[in-house]
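Mapped onto this note's numbering, the consecutive letters of the sequence shown carry residue numbers 196 to 421. Only one structure is covered here, and it is reproduced in the block below.
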Amino acid sequence: MKKPLISVVIPAFNEEDLIKMTLVTLNRCSWVNELIVVDDGSRDDTATIAEKYCDEVIKFKENKGKATALKEGWKRTKGDIIVSLDADLGITAREGERLVEKLEVDNLDCVIAKLPLQKKRGIGLMKHRAQKLIFSRTGKWFEAPLSGQRALKKNWLPTLLEKDYIGFGVEMAMTVDLLKAGAVVDEVEVSFFHRATGKDLDGFLHRGKQWLDMERTLRKMRASWQ
196 MKKPLISVVI PAFNEEDLIK MTLVTLNRCS WVNELIVVDD GSRDDTATIA EKYCDEVIKF
256 KENKGKATAL KEGWKRTKGD IIVSLDADLG ITAREGERLV EKLEVDNLDC VIAKLPLQKK
316 RGIGLMKHRA QKLIFSRTGK WFEAPLSGQR ALKKNWLPTL LEKDYIGFGV EMAMTVDLLK
376 AGAVVDEVEV SFFHRATGKD LDGFLHRGKQ WLDMERTLRK MRASWQ
């Protein structure tokens with residue numbers, strides 16, 4: 196059988212400190228066939244650095260949010276399998292191969308990465324909120340409903356591209372949409388490590404933005420259920 200082509204899409208916002216290591220690592224991985232970075236209006240040198248280490252850099256003049264960045268990257272992919280990864284994974288980005296292996300071996304449509312516990316952690320409100328929502332709509336419980344590390348068969352992209360996702364609400368919403376469309380979605384433990392948001396001011400501000408995006412996403416989803 197012909198080996199599937201793998202496209203990796205990385206949304207990035209002000210990631211100049213870690214994106215080089217992430218991209219250099221992925222360039223050394225034989226399983227990666229295409230590498231696309233979407234610079235979501237960064238105010239630092241993220242795009243300039245990325246241009247040296249990937250196949251394509253899509254630049255936004257202003258920050259449009261993670262959902263828009265991901266969708267624009269997905270549209271440009273040529274691969275049979277689309278892997279979405281965060282920009283701050285560093286050398287652990289190589290572990291993305293575990294997502295692809297799980298997808299192929301278990302004949303799944305989408306795989307979500309469960310990450311190891313990290314020392315700096317939030318209080319888990321967002322995670323529990325997403326878990327309950329997904330379960331209420333699909334009957335399936337996920338340990339990592341907000342994980343941005345995912346692999347997806349490209350034939351499911353039309354299902355996602357037709358949706359109007361909002362910022363950090365994209366992972367929660369896309370999981371529901373895929374399951375309701377008949378996709379087989381599962382999780383796998385992967386040794387990714389990235390910049391964790393802790394209980395400091397920056398951490399709470401980040402989760403506040405995430406919470407707002409999820410609430411806006413939830414309202415939009417509820418409107419579509421009526």
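Ideal Cβ positions, reconstructed from N, Cα and C, are used throughout, including at glycine.
When secondary structure is reduced to three states using DSSP, F255 falls in the strand class. In the displayed model, I361 falls within coil according to three-state DSSP, outside both helix and strand. L200 places its beta carbon less than 8 Å from that of K273. Straight across, the Cα-Cα distance linking A264 with K197 is about 30 Å. The segment 246 to 256 makes no contact with the segment 350 to 357: fewer than 3 CB pairs, one atom from each, lie closer than 8 Å.
With a cut-off of 8 Å on Cβ pairs, the segment 234 to 247 is not in contact with the segment 319 to 326, counting fewer than three such pairs. Contact check for L341 against C305 fails: the beta carbons are separated by 8 Å or more.
Residue range E292 to V300 is occupied by the alpha helix (DSSP H) that includes R293, with no beta strand (DSSP E) assigned at that position. The segment 331 to 340 and the segment 290 to 301 do not touch, with fewer than 3 CB-CB distances between them shorter than 8 Å.
E229: member of the beta strand (DSSP E) spanning E229 to D235, first to last residue. R271 is positioned such that its CB atom lies closer than 8 Å to that of I231. The beta-carbon separation of L312 and H389, rounded to 13 Å, does not stay under the 8 Å limit for a contact. Where K335 is concerned, there is no enclosing beta strand (DSSP E), because DSSP gives it neither an H nor an E.
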